[in-house]
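Data first, discussion second: the structure below is written as structure tokens.
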Amino acid sequence: MVAFGKKLKETQIQEWQGYYINYKLMKKKVKNYVQQIEVSEQSREYVLKDFSRILDKQIEKIVLFLLEQQGELASRLFTLGQEHDVLVQQQDGSKLSELQQSYRDVGRELLQLLFFVEMNAIGVRKILKKFDKRCGYKFTNYYVKTRANHPYSQLRQIFKHVGVSAVVGTISRNLADLQDNKGNFTSIYDHPGLPFQDPIISSINQAVDRLTNSTDFLHYLGKHALILPEELPTPSADHAANERYHLMSLLLNLANAFLYMVNTYIIVPTADDYSMSLGAAATLCGAVIGSMAVAQVFSSVYFSAWSNKSYMKPLLFSSIVLLVGNTLYALAYDFNSIYLLLVGRLFCGLGSARAVNRRYITDCVPLHLRMKASAGFVSASALGMACGPAVACLLQTNFKFLNITFNQDTLPGWIMALAWFIYLLCLWTTFREPPMEEIEDALLPKSNTGKIENGLVQKGITEPLLLSAEEMKQDEDEDQDCDNSEESAEEIQKPVTSIVSAYKLLTPSVKVQLFIYFMLKYAMEILLAESSVVTTYYFIWSTSNVAVFLACLGLTVLPVNILVGSYLSNIFEERQVLLASEILVCLGIVLSFHVVIPYSVPQYVCSALITFVAAEVLEGVNLNLLSRVMSSRLSKGTYNGGLLSTEAGTLARVFADSTITLAGYWGMSRLLNVTLLPSLFICIFSIIATCFTYNSMY
Numbered sequence: 001m002v003a004f005g006k007k008l009k010e011t012q013i014q015e016w017q018g019y020y021i022n023y024k025l026m027k028k029k030v031k032n033y034v035q036q037i038e039v040s041e042q043s044r045e046y047v048l049k050d051f052s053r054i055l056d057k058q059i060e061k062i063v064l065f066l067l068e069q070q071g072e073l074a075s076r077l078f079t080l081g082q083e084h085d086v087l088v089q090q091q092d093g094s095k096l097s098e099l100q101q102s103y104r105d106v107g108r109e110l111l112q113l114l115f116f117v118e119m120n121a122i123g124v125r126k127i128l129k130k131f132d133k134r135c136g137y138k139f140t141n142y143y144v145k146t147r148a149n150h151p152y153s154q155l156r157q158i159f160k161h162v163g164v165s166a167v168v169g170t171i172s173r174n175l176a177d178l179q180d181n182k183g184n185f186t187s188i189y190d191h192p193g194l195p196f197q198d199p200i201i202s203s204i205n206q207a208v209d210r211l212t213n214s215t216d217f218l219h220y221l222g223k224h225a226l227i228l229p230e231e232l233p234t235p236s237a238d239h240a241a242n243e244r245y246h247l248m249s250l251l252l253n254l255a256n257a258f259l260y261m262v263n264t265y266i267i268v269p270t271a272d273d274y275s276m277s278l279g280a281a282a283t284l285c286g287a288v289i290g291s292m293a294v295a296q297v298f299s300s301v302y303f304s305a306w307s308n309k310s311y312m313k314p315l316l317f318s319s320i321v322l323l324v325g326n327t328l329y330a331l332a333y334d335f336n337s338i339y340l341l342l343v344g345r346l347f348c349g350l351g352s353a354r355a356v357n358r359r360y361i362t363d364c365v366p367l368h369l370r371m372k373a374s375a376g377f378v379s380a381s382a383l384g385m386a387c388g389p390a391v392a393c394l395l396q397t398n399f400k401f402l403n404i405t406f407n408q409d410t411l412p413g414w415i416m417a418l419a420w421f422i423y424l425l426c427l428w429t430t431f432r433e434p435p436m437e438e439i440e441d442a443l444l445p446k447s448n449t450g451k452i453e454n455g456l457v458q459k460g461i462t463e464p465l466l467l468s469a470e471e472m473k474q475d476e477d478e479d480q481d482c483d484n485s486e487e488s489a490e491e492i493q494k495p496v497t498s499i500v501s502a503y504k505l506l507t508p509s510v511k512v513q514l515f516i517y518f519m520l521k522y523a524m525e526i527l528l529a530e531s532s533v534v535t536t537y538y539f540i541w542s543t544s545n546v547a548v549f550l551a552c553l554g555l556t557v558l559p560v561n562i563l564v565g566s567y568l569s570n571i572f573e574e575r576q577v578l579l580a581s582e583i584l585v586c587l588g589i590v591l592s593f594h595v596v597i598p599y600s601v602p603q604y605v606c607s608a609l610i611t612f613v614a615a616e617v618l619e620g621v622n623l624n625l626l627s628r629v630m631s632s633r634l635s636k637g638t639y640n641g642g643l644l645s646t647e648a649g650t651l652a653r654v655f656a657d658s659t660i661t662l663a664g665y666w667g668m669s670r671l672l673n674v675t676l677l678p679s680l681f682i683c684i685f686s687i688i689a690t691c692f693t694y695n696s697m698y
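Here the sequence shown stands for residues 1 to 698, numbered as in UniProt numbering.
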């Protein structure tokens, strides 16, 4: 990544070096405290007070320096404002461009200041974790709790960012004014929704958001998609994304995600009836539904690799394969062939282009629109999940045309084949392929780039931070559970080239979170895939009743995400919500068992609702955490973070659908309990794993 603006001068490097947290001193203090505690238990209170005092002084030093630098930036902006007033009257285009660049330079210096704060925040976090581990205290909880809400807390001052907001507002307003200096004067205050936003402002806002860790619904949904961003994209990178951006192409990309989810769930209410009409057992619906997931395990990899070279070609191939797959699925009824039915679903799975959907948003959507596009991807998928069963509910008919049967079993295949044919025509005529050289340029790492600690530091502008970072990195051997996510500056820009390399980048907490994702997808697939069989056996529900029930479950996705993204994640820590959601999923599974008393509709509906809603909350929070702690090297290339999460979820669906099919050998009366037992054990194991890695989840 090319560093913003000019490199810091050597004199400025020396000046700034004295204001970093003294990591070496704090580390030495922690070792001394450990020795004191071993000698005398009475020294515990002294240790807490003394360490709090020293840490307060270190943070105070950072805050006062921050205020001093903000004052200098404010002074420069005041001077530029005076020049602005004079130049606007003169309408000198060349000087206005120079002034515009001067405002951007101030923005770059502000960004450097935010990097300074971020590196110190990392240092504070490491010191707190080291103290807790070595001294056996919960000092972090005490320190944050007592400092977070105190009106005079220096820790609180760091995260309020009042001065930063004022500087950003001044730069934004003046850049907007200079952009419209040819007579079209518009105010950012009168038109807050103006699309104009300079890349440097986007980068500053992203840095501030990362520091404050604020979460709103849009960002929550965007991270739910697990589209890993490159940390602080450069203006040149964002300019390239602007060049590649095409609104209609983005909408077609989202339409692909929507139609695929409809295609996945439209057959669920009728899969058991279709299997029985072809002479197979009702429980074969697990194999019918799961065959699509089996194929998706492989298609995700080759589509992810294909997206390195093109976007339109894999989307065209996906549409053609899905058109063929749905046609074969529908024709299986008249050919009376269960094998043709399974082959049709396998073809549908081979057309899964969700890896391309994610990759297109990452590479071809500008920074200021990327989070909205990511949220659109999640919303389109959720809407497709609800629409699939709803559409199936409307297809209750039975007639023949040209000796081809159209009924509730075959119509889902014909409807989706028609939908993919229309989509294919739109894609061929409307989608705009980004130039190949631009795609390749976007994927190639720059030789003069480098960043450490999850991409927080950039070579050039952050040169003074490297010494502090190196001191911190000395503790890797001692605190691998805390610092395994750090990577060398030379390697962090290179995308991984194999699944083995990707696995090596996964820390223990990331592995646990991927296992949690496997667990929740397994539980959800068991619930959804066997719903038609279970409800028919216990309650004699019709296909319409099953379809309405599944559609209602699907419609809870967005409201639940609004609740979590806008409220719960701002009140509780995400890891707390994560653990609570796992426990609720476990509770829902336990309540689903048929034990002694007759199985009733209220029991099934309530337990299914608890399981599904808790799993949705868990999925969003889990992927949100993953997007923050997963290595930056997994943000691009074939084996990216999105692919890993997709593979984990797809494998879970394969195992769940296989469980349903195998459980059919024990008879319908035991199907429910036999399929729920693995879900319960996996869920309990995930809760235990979460408890062991709880402190490393951030």
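Heads up, the beta-carbon is just placed ideally off N, CA and C, and yes, glycines get one too.
Quiz item: Ordered along the chain, which non-local residues of its own chain (more than five positions away) have a Cβ less than 7 angstroms from that of leucine 250?
Solution: Taken in chain order, the residues that qualify are Val365, Ala373.
Quiz item: Between the Cα of glutamate 433 and the Cα atoms of Leu651, Leu80, Asn253, which residue gives the shortest distance?
Solution: Closest option to glutamate 433, Cα to Cα, is Asn253.
Practice problem: May I ask you to report which of helix, strand or coil DSSP gives phenylalanine 399? | Solution: In the structure shown, phenylalanine 399 adopts extended strand secondary structure according to DSSP, grouped into three states.
Practice problem: Report the rounded CA-to-CA distance for asparagine 398 versus cysteine 348, giving the unit in angstroms. | Solution: Looking at the backbone, the Cα of asparagine 398 and that of cysteine 348 are separated by about 24 angstroms.
Quiz item: Are the beta-carbon atoms belonging to tyrosine 265 and leucine 341 less than 8 angstroms from one another?
Solution: Contact check for tyrosine 265 against leucine 341 fails: the beta carbons are separated by 8 angstroms or more.
Practice problem: Answer yes or no: do leucine 328 and valine 343 have a C-beta to C-beta separation smaller than 8 angstroms? | Solution: Yes. Within cutoff.
Practice problem: Could you check the C-alpha separation between proline 508 and phenylalanine 131 for me, to the nearest Å? | Solution: Approximately 21 angstroms, taken between the alpha carbons.
Practice problem: Leaving out five residues on either side along the sequence, give the residues of the same chain with a beta carbon under 6 angstroms from the beta carbon of serine 102. | Solution: If we look at serine 102 and ignore the five residues flanking it on each side, its Cβ neighbours are Leu80.
Exercise. Starting from the Cα of serine 679, find the closest Cα among Ile422, Val590, Gly286 and give me that residue.
Key: The residue with the shortest Cα to Cα distance from serine 679 is Val590.
Practice problem: Would you mind stating whether glutamate 574 and valine 613 have Cβ atoms separated by less than 8 angstroms? | Solution: The answer is no: Cβ separation not under 8 angstroms.
Practice problem: Sort out for me which residues DSSP pairs asparagine 22 with in a bridge. | Solution: DSSP, once it has assigned bridges, lists no residue as partnering asparagine 22.
Practice problem: Counting only runs of 3+ residues fully inside the segment 327-405, write out the beta strand (DSSP E) ranges in chain order. | Solution: The qualifying runs are 398-401.
Exercise. Pull up the distance between the alpha-carbon of proline 314 and that of arginine 370, whole angstroms please.
Key: Cα-Cα distance, rounded: 21 angstroms.
Quiz item: Should the segment 378-389 be regarded as contacting the segment 541-558, the criterion being three or more beta carbon pairs within less than 8 angstroms?
Solution: Output reads yes: the segment 541-558 touches the segment 378-389.
Quiz prompt | Of the residues Ser97, Ile204, Arg125, the one placed nearest leucine 175, counting alpha carbons only | solution = For leucine 175, the nearest C-alpha among the options comes from Ser97.
Self-check item: Neighbourhood of lysine 400 by C-beta distance below 8 angstroms, restricted to the same chain and skipping five residues each side
Solution: Answer for lysine 400: Phe406, listed in chain order.
Quiz item: Does the Cβ-Cβ distance between alanine 417 and alanine 547 come in under 8 angstroms?
Solution: With a cutoff of 8 angstroms on beta-carbon distance, alanine 417 and alanine 547 are scored as not near each other.
Quiz item: By a C-beta neighbour count over all protein chains shown, 10 Å radius and 16 as the cutoff for buried, is glutamine 82 buried or exposed?
Solution: With fewer than 16 other beta carbons inside 10 angstroms of its own, glutamine 82 counts as exposed.
Quiz item: In angstroms, rounded to a whole number, what distance separates the CA positions of methionine 312 and glycine 588?
Solution: Rounded to the nearest angstrom, the two C-alpha atoms are 42 angstroms apart.
Quiz item: What's the C-alpha gap between residue 708 and methionine 248?
Solution: Past the edges of the chain, shown from 1 to 698, lies residue 708, and the structure says nothing about it.
Quiz item: Which two residues bound the contiguous alpha helix (DSSP H) that contains phenylalanine 685?
Solution: Per DSSP, phenylalanine 685 belongs to the alpha helix (DSSP H) from 668-692.
Quiz item: Mind checking lysine 49: buried by the 16 CB within 10 Å criterion, or exposed?
Solution: Answer is exposed; the Cβ neighbour count stays below 16.
Quiz prompt | Given glutamine 114 as reference, the closest of Ser352, Ile200, Leu662, Pro412 once Cα atoms are compared | solution = In the sequence under discussion, the amino acid at residue 114 is leucine, which differs from the glutamine named in the question. Answer by Cα proximity: Ile200.
Quiz item: Given glycine 388, which residues of its chain have a CB within under 6 angstroms of its CB, disregarding the five upstream and five downstream residues?
Solution: These residues qualify, in order along the chain: Val262, Tyr265, Ile266.
Self-check item: Coil, strand or helix - glycine 460 by DSSP
Solution: Confidence is the limiting factor: at glycine 460 the pLDDT is only 35, short of 50, which leaves the residue's position unreliable and the question unanswerable from this model.
Self-check item: Residues that asparagine 407 bridges to, as DSSP identifies them
Solution: Asn398, per the DSSP bridge assignment.
Quiz item: From Ser352, Ser307, Ala355, Gln408, pick the residue whose C-alpha is nearest to that of proline 269; which is it?
Solution: The option with the nearest alpha carbon to proline 269 is Gln408.
Quiz item: Whole alpha helix (DSSP H) runs in the segment 505-563 with 4 or more residues, listed along the chain?
Solution: For the segment 505-563, whole alpha helix (DSSP H) runs of length 4 or above, ordered along the chain, are 508-529, 531-539, 543-555, 557-563.
Exercise. Note the first and the last residue of the continuous alpha helix (DSSP H) segment covering valine 595.
Key: Run containing valine 595: none; DSSP gives neither H nor E here.
Practice problem: Throw me the rounded Cβ distance for the isoleucine 660 and methionine 519 pair, which I believe falls under 8 angstroms. | Solution: Methionine 519 and isoleucine 660 do not touch by the CB rule: their CB atoms are close to 17 angstroms apart, not below 8 angstroms.
Exercise. My understanding is that alanine 355 touches threonine 650, with C-beta atoms under 8 angstroms, so please give their C-beta distance in whole angstroms.
Key: Between threonine 650 and alanine 355 the Cβ distance is about 11 angstroms, and since that is not below 8 angstroms, they are no contact.
Quiz item: Hey, histidine 594 and asparagine 673 are a contact pair by Cβ (cut 8 angstroms); roughly how many whole angstroms apart?
Solution: Yes, histidine 594 and asparagine 673 are in contact; Cβ-Cβ is about 6 angstroms, under 8 angstroms.
Quiz item: Thinking just about the alpha-carbon of each residue, which of Ile516, Val533, Ala615 is nearest to the one in asparagine 561?
Solution: When each option's Cα is compared against that of asparagine 561, the closest is Ala615.
Quiz item: What number of angstroms, rounded off, separates the C-alpha of threonine 449 from the C-alpha of tyrosine 567?
Solution: Any reading at threonine 449 needs caution, since the residue's pLDDT is 37, under 50, leaving its predicted position unreliable; the model's value is listed next. Threonine 449 and tyrosine 567 have their C-alpha atoms roughly 38 angstroms apart.
Quiz item: So, helix, strand or coil for glutamate 72, using DSSP?
Solution: For glutamate 72, the three-state secondary structure derived from DSSP is helix.
Quiz item: DSSP on proline 435, reduced to helix/strand/coil?
Solution: The DSSP-derived three-state label of proline 435 is coil.
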